[in-house]
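Protein chains in written order, with this note's numbering: chain A, 1 to 344; chain B, 1001 to 1344. Okay, structure first, notes after.
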DNA sequence: TCTATTGATTAGAGCGCTCTAATCTTGTAG
DNA sequence: CTACAAGATTAGAGCGCTCTAATCAATAGA
């Protein structure tokens, strides 16, 4: 059996309560005793029992995290940020996955709650808002990548509209006028990105072209082929704002398959700044969301509630940034006969 | 305050002990009482307190998981498999990251142990073997992607040697004879992959060519440029076994930059079957490891120890499989000089 | 009628810790 | 030398549960 506080107390010749004080580095312990206790603990390999501590103190250092899909690099990054912040503040994460099914997700949340965590963080939950409210009655709740009107829950979201606008403005700044968006369909955040695209285009007096697609490379290919079939070559959009990076890669493939070069003939912007986009082979210009930062902010929002420092809800809307790489270039008017050489 | 067992007992008009029995669905409770208790629990929204239960029963339903880098898709997949198996068996995961630093990692493990988990799983740990032994004294330990000679710990590894051999044999089967390996340097598992490559080549009477590289796309580029500088075109290896998928992508870029086509001139095999490899744009032939399965096996090995069903160590060595896509093709003799392929 | 026997229920101690209130030491001022 | 405050230490109750052993009720056997 692992040693308990009692064992340490006996060995150090003090009371259990004193050991408890030392373990919580209370200032009201004499240096002599503290040293003695620490030595005894060291010798026995003693380590406080977190659960017993939690039970006795009626406080928790545990944060529940519900992730829908860890394979999604976005969530993995958020969790990393969360974990770093939590670790630094002495909190521990207990993880559960929901598998994008409302039932499984609700079970997952239930399990998390049975630990009586200090709070819980739900990453892109799909359960109904009412369920979230129920959970929020038990402990502070922070939502990531999901909005809420409830005053009891905080939210951290990336500003998808701003991200698309960034992409649009980048292309417009490069001289592009015919710009199309490859829409993510029903994917999380896709609607926002589309709205942002449309709004930005209209703000500049341009007609938004939206092609329904999905967040996959094959989706991007199909969408581009649709564009190629719809527009005659001179009318073809010269700038593409893809729904995400995978979609952008598919779009680029289809363009190149058709003899069009990126970025000489068509500029393409991705979204998400995945490891894919950073590959030199692709060097995809893309929109980056501060994912790790989102995790950190989620933690902080939670902690403020835990500490009772705040009761009004907080709504973080994080600003994405554009990472310019090699798939976007200035739009040059060039006829087939007088095409300028690549790179100039 | 959330309701406790006492509250439920009072409302149902029974003792706390009876409620406890119902909560653990003991068979020795009359149907009448059981119904009454369940109704009371339902009405109060009662949910057992996992930590209190754990403390009282001196058992734990918590499994500690140390992940070095969640961003690494490999680990995310293993954790998914782990989580699925654990959830099904009623265990909960508590997660911690180690950041590839021995000190931080040891802290992470320490934190996990302070929960008195049923067992812990370390994903590709970098702490010294002795530290692992220390941890193994406290509870069962399973190592993933790391070997151990200790009889107290189980291990789950992918057979990197077999994976490389698979790649080599695939290329040889396609008629390639000059095959080079782009070595992963000090990366986890790289040594095994290199050994497997060398052994497989020798088994076929071929001279293994190894270029020191790393598991990044720029590493792959550099390695290929080195090859191009070293070998005259007719002597250039026609098959490349990259250290991982990123490396393979870099290699392909460098080859194409030099006017060589993949797979017509050079065949390239990656390793890991990341989402990258599956992109139609790349369609990388690569070696796949059963990652989710590894998570499941790790869970099962742990549970056997937890239940005391086994005391001898288990060493899982999982067989990778080859996913053939579009970056490998038959080797055709087509050098300008008509030079026959070496070796045959 | 009384005692076993079986099954259902409960009292009460205890898991390893925290926390309040009480007790024990000092040091210092009067 | 006494009084008392301030600091250091400890006793003991209790967190929400489990578990053993004891109690109780009901039926069966003699």
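Think of the CB as a built atom: it goes at the ideal place given N, C-alpha and C, for glycine as much as any other residue. Computed from a prediction, not measured in an experiment: that's the story for all the values here.
Query	Result
Neighbouring residues, chain B, relative to residue 66 of chain A (Cβ below 7 Å)	Within chain B, no residue comes near residue 66 of chain A; the closest Cβ sits about 11 Å away, beyond 7 Å.
Between the CA atoms of residue 1035 of chain B and residue 1041 of chain B - distance to the nearest angstrom	10 Å
Closest by C-alpha distance to residue 235 of chain A, when choosing among A:256, A:243 and A:209	A:209
Where residue 60 of chain A sits in the DSSP three-state scheme	coil
Cβ neighbour criterion (16 or more within 10 Å) applied to residue 116 of chain A	buried
Simplified DSSP state of residue 288 of chain A, which is helix, strand or coil	strand
Residue 321 of chain A - containing beta strand (DSSP E), residue span	321-323
Cβ pair count under 8 Å reaching 3, the stretch 1170-1177 of chain B against the stretch 1300-1315 of chain B	no
Residue 1250 of chain B: first and last residue of the uninterrupted beta strand (DSSP E) it sits in	That residue, residue 1250 of chain B, is in no beta strand (DSSP E); its alpha helix (DSSP H) goes 1245-1257.
Cutoff 8 Å: residue 22 of chain A Cβ touching any chain B Cβ	no
Separation of residue 1262 of chain B from residue 1179 of chain B, as counted between CA atoms	14 Å
Cutoff 8 Å: residue 1055 of chain B Cβ touching any chain A Cβ	yes
Under 8 Å by beta carbon: chain B residues contacting residue 266 of chain A	Under the 8 Å cutoff, chain B gives no residues; its nearest Cβ is about 15 Å from residue 266 of chain A.
Residue from A:192, A:7 and A:168 whose Cα sits closest to the Cα of residue 147 of chain A	A:192
Local Cβ density within 10 Å of residue 1120 of chain B, reported as buried at 16 or more and exposed below that	buried
C-alpha distance - residue 1007 of chain B paired with residue 1082 of chain B, whole-angstrom precision	36 Å
Environment of residue 59 of chain A [buried if 16+ CB atoms lie within 10 Å]	exposed
Residues that residue 1181 of chain B bridges to, as DSSP identifies them	B:1210 and B:1241
Any alpha helix (DSSP H) of 4 or more consecutive residues that is wholly inside the stretch 55-112 of chain A	73-88
Residue nearest to residue 1050 of chain B in terms of C-alpha spacing, selected from A:49, A:113 and A:24	A:113
C-beta contact flag for residue 1212 of chain B and residue 1189 of chain B at 8 Å	no
Minimum Cβ-Cβ distance from residue 1098 of chain B to chain A less than 8 Å	no
Chain B contact for residue 51 of chain A (CB, 8 Å cutoff)	yes
CB contact check: residue 325 of chain A to chain B, cutoff 8 Å	no
Neighbour list for residue 1250 of chain B in chain A, Cβ cutoff strictly below 9 Å	279, 280 and 281
Proximity test, Cβ basis, 8 Å: residue 1128 of chain B and chain A	no
Counted within 10 angstroms of its Cβ, other Cβ atoms place residue 89 of chain A as buried (16 or more) or exposed	exposed
Cutoff 6 Å; reference residue 333 of chain A; Cβ partners in own chain excluding five residues on either side	none
Beta-carbon proximity list for residue 978 of chain B, same chain, < 7 Å, skipping 5 on both sides	Residue 978 of chain B lies beyond the stretch modelled for chain B, which goes from 1001 to 1344, so this question has no answer here.
Sequence-distant residues of its chain with Cβ nearer than 7 Å to residue 238 of chain A (five each side left out)	176, 178, 266, 267 and 331
Three-state secondary structure (DSSP) of residue 345 of chain A	Outside the displayed span of chain A (1 to 344) sits residue 345 of chain A, for which this structure offers no information.
Inter-residue spacing [alpha-carbon to alpha-carbon] between residue 63 of chain A and residue 118 of chain A	6 Å
Simplified DSSP state of residue 1344 of chain B, which is helix, strand or coil	Residue confidence for residue 1344 of chain B is low, a pLDDT of 35 falling below 50, so the modelled location carries little weight and cannot support an answer.
Sequence-distant residues of its chain with Cβ nearer than 6 Å to residue 95 of chain A (five each side left out)	65
Contact with chain A by residue 1124 of chain B, beta-carbon distance below 8 Å	no
Selection of the stretch 19-43 of chain A by Cβ proximity to chain B, strictly under 9 Å	none
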